[in-house]
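Residue numbers (the working numbering), protein chains in the order written: chain A, 9 to 367; chain B, 6 to 249.
Shown next as structure tokens:
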């Protein structure tokens, strides 16, 4: 179990987070400059927090109240740097062997050989980093970090420098890693899909704070606030007021659109009549329907963008203000012919797909 | 007086001792300042580089004041009933002070070029600061460290002004080649000056050739896969060769 509670203040930036990881893969997701990498550097002891504590299993790595700060070399933390930071003057095999200490030569060779096999690096141990592809370099970096048998493995945007095909293969390898590495893993990324595929829990960072930390399914289905909703790809937000609550439904009036929408109740508590809230819906959950009905809005198609798997349509909804509200929707490919710019369409917002954001 | 072996011998002793001292002190100072983050950094940096921009005679005069009977250094040495002014160690001190900035500046530049993540990777893999220095920083900064060593060697070999001020021209004791050449010419001893001049040119050319040889590009470090050989110089030099 890794438990951290740290503070670090820099000019114009404050990191203030509390996290715990227990035998799982925790994804840290957030935009650039939100403190993701700084958190990893603090855990590894490469930078020192201003205050707080860090505990890894039964060892306290850092405790500002006791002025305790273990050196990076004594922390037993595996770190895979974003640029891999391999030793360019050592072969792949010697890179991996670097961190194996106080072991007889046979044992070192055995462990290096095992890691080379596990990471699919057979035949590459005598190559130098400059002679390896980016994907191979990344695997050497992971093998090197695992060689001292660390209690936790920290991966700092390990896939950001790779093409999408290599990236997919290496993601599989990270998933396979769980078969022989039983420690905790923290994965830092700015890619939601990557975090979702690889981790079981995700912590969303926003400007040095944790906006939400939850099981990934929960994070996707019920974002705690607008920041998390935006990072988890909710594209449509509307401000509204709750005007009715029943066992199964919540009625939300959206004043700007002069309309009321029905939201299915799934686990919302502490909501009350007349409470101001924001509702959000993903673009892929909006349906085009034939005529008016419940939760159905009328909009004029203003533009379309063709994606690989979907066609994204932007509809202008009429509002009672001067400006218009733009709704983004994503429809499956093959339906393009039914859409043409300038025409009016009926758009259905399914009650079970709308989320209520209270903050 | 046609003894040219004595200045050559004194110069070689002085230059080797100076190079060894500046090598260690230059690396230590460069390592320290490249990781030091205090406010005094530019001041300390300036003091380290100062001998390079001052006239050698000024440095020599300063050393003379410091090391002389009434200077702090001289008083400290007097406690041990010794004095170094106008003795052989003075040639080393003056040359070391003059050569130090070149070693320091070149090494510092080379250290700062080393990716801090690579050093940090070594730390997370259990390496202490000494191991980081000799197993990562120095090998990666080696071309720069080597260039600094050769430069300070050359500077020490050519040192004249500061040496003359603090060590003087005592034949067979403190008269290095540059000092000896000057006084040979003053005395009209042209033959002796010519021989010493040829010797100095020989040493200079040899050290430049050595530098070019040690800095020659290697296919591996350039990332060119010409013919992957299992063990090259680098791998053979390591303690653990896991390729076998």
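Where is the CB? At the ideal position from N, CA and C, for every residue including glycine.
Using three-state DSSP, classify residue 259 of chain A as helix, strand or coil. Assigned with DSSP and collapsed to three states, residue 259 of chain A falls in strand.
Distance between beta carbons of residue 307 of chain A and residue 265 of chain A, contact taken as under 8 Å: Residue 265 of chain A to residue 307 of chain A, Cβ: 10 Å. No contact.
Rounded straight-line distance, which links the Cα of residue 226 of chain A to that of residue 262 of chain A: In a straight line, the C-alpha of residue 262 of chain A is about 26 Å away from that of residue 226 of chain A.
Taking CB distances under 8 Å as the criterion, tell me whether residue 44 of chain A reaches chain B. no
Drop a sphere of 10 angstroms on the beta-carbon of residue 52 of chain B, count the other beta-carbons inside from all chains shown, and report buried for 16 or more, exposed for fewer. exposed
Using the three-state DSSP reduction, which class does residue 219 of chain A fall into: helix, strand or coil? strand
Just reading off the beta strand (DSSP E) that residue 52 of chain B is part of, what are its end residues? According to the DSSP assignment, residue 52 of chain B belongs to no beta strand (DSSP E) but to the alpha helix (DSSP H) extending over 46–58.
What residue range does the alpha helix (DSSP H) around residue 181 of chain A cover? 172–185
Taking the beta carbon of residue 80 of chain A as the centre, do at least 16 other beta carbons fall within 10 Å, making it buried, or is it exposed? buried
Roughly how many angstroms lie between the CA atoms of residue 114 of chain A and residue 105 of chain A, to the nearest whole one? 12 Å
Is there at least one Cβ from chain A nearer than 8 Å to residue 126 of chain B's Cβ? Put simply, the CB of residue 126 of chain B is near chain A, with a gap under 8 Å to one of its CB atoms.
Among the candidates B:45, B:216, B:220 and B:171, whose CA atom is the shortest distance from the CA of residue 103 of chain B? B:171
Determine the chain A residues that contact residue 115 of chain B at a beta-carbon separation under 9 Å, and present them in chain order. Within chain A, no residue comes near residue 115 of chain B; the closest Cβ sits about 14 Å away, beyond 9 Å.
Return no unless some Cβ of chain A is closer than 8 Å to the Cβ of residue 219 of chain B. no
Using a 10 Å radius around the Cβ and a threshold of 16 neighbouring Cβ atoms, would you call residue 162 of chain B buried or exposed? buried
Min CB distance residue 126 of chain A to chain B below 8 Å: no
Could you pull the DSSP bridge partners for residue 336 of chain A from this structure? A:322
Kindly confirm or deny that the segment 308–323 of chain A and the segment 273–280 of chain A touch, where touching means at least three C-beta pairs closer than 8 Å. no
Kindly indicate which three-state DSSP category residue 246 of chain A falls into: helix, strand or coil? strand
Can we say the segment 36–46 of chain B touches the segment 85–95 of chain B, given the rule of at least three CB pairs closer than 8 Å? no
Mind checking which residues open and close the beta strand (DSSP E) that includes residue 305 of chain A? 304–314
How is residue 228 of chain B classed by DSSP in three states: helix, strand or coil? At residue 228 of chain B, the pLDDT of 42 sits below 50, so the modelled position is not reliable; the number obtained from the coordinates is stated separately. Here residue 228 of chain B sits in coil by DSSP.
Neighbour flag for residue 189 of chain A against chain B, beta carbons, 8 Å: no
List, in order along the chain, the chain B residues whose C-beta lies closer than 8 Å to that of residue 86 of chain A? 129
Using a Cβ-Cβ cut-off of less than 9 Å, give me the residues of the segment 47–77 of chain A that come near chain B, in sequence order. 49, 52, 53 and 54
Is residue 81 of chain B buried or exposed, if buried means 16 or more other CB atoms sit within 10 Å of its CB? exposed
Taking all protein chains shown into account, decide if residue 109 of chain B is buried (16 or more other Cβ within 10 angstroms of its Cβ) or exposed. Classification for residue 109 of chain B: buried.
Does the beta-carbon of residue 303 of chain A have 16 or more other beta-carbons within 10 angstroms, so that it is buried, or is it exposed? Taking every protein chain shown into account, the CB of residue 303 of chain A has 16 or more other CB atoms within 10 angstroms, so this residue is buried.
With DSSP as the reference, identify every bridge partner of residue 86 of chain A, one or two as the case may be. A:161
Under 8 Å between C-beta atoms of residue 167 of chain A and residue 157 of chain A: no
Kindly list the residues whose CB is nearer than 6 Å to the CB of residue 227 of chain B, restricted to its own chain and excluding five residues on each side of it in sequence; keep chain order. Since pLDDT at residue 227 of chain B reaches only 41, below the 50 mark, its modelled position is unreliable, and no value is offered.
Residue 343 of chain A: which of A:363, A:296, A:327 and A:150 sits nearest, CA to CA? A:296
Among the residues of its own chain, which have a CB less than 6 Å from the CB of residue 189 of chain B, if the five just before and after it don't count? 197 and 198
Straight-line gap, residue 11 of chain A to residue 30 of chain B (C-alpha atoms, nearest Å): 43 Å
Short of 7 Å Cβ to Cβ, which residues in the segment 136–152 of chain B face chain A? 141, 144 and 145
Amino acids of chain B, ordered along the chain, whose beta-carbon sits closer than 7 Å to that of residue 81 of chain A: 128, 131, 132 and 133
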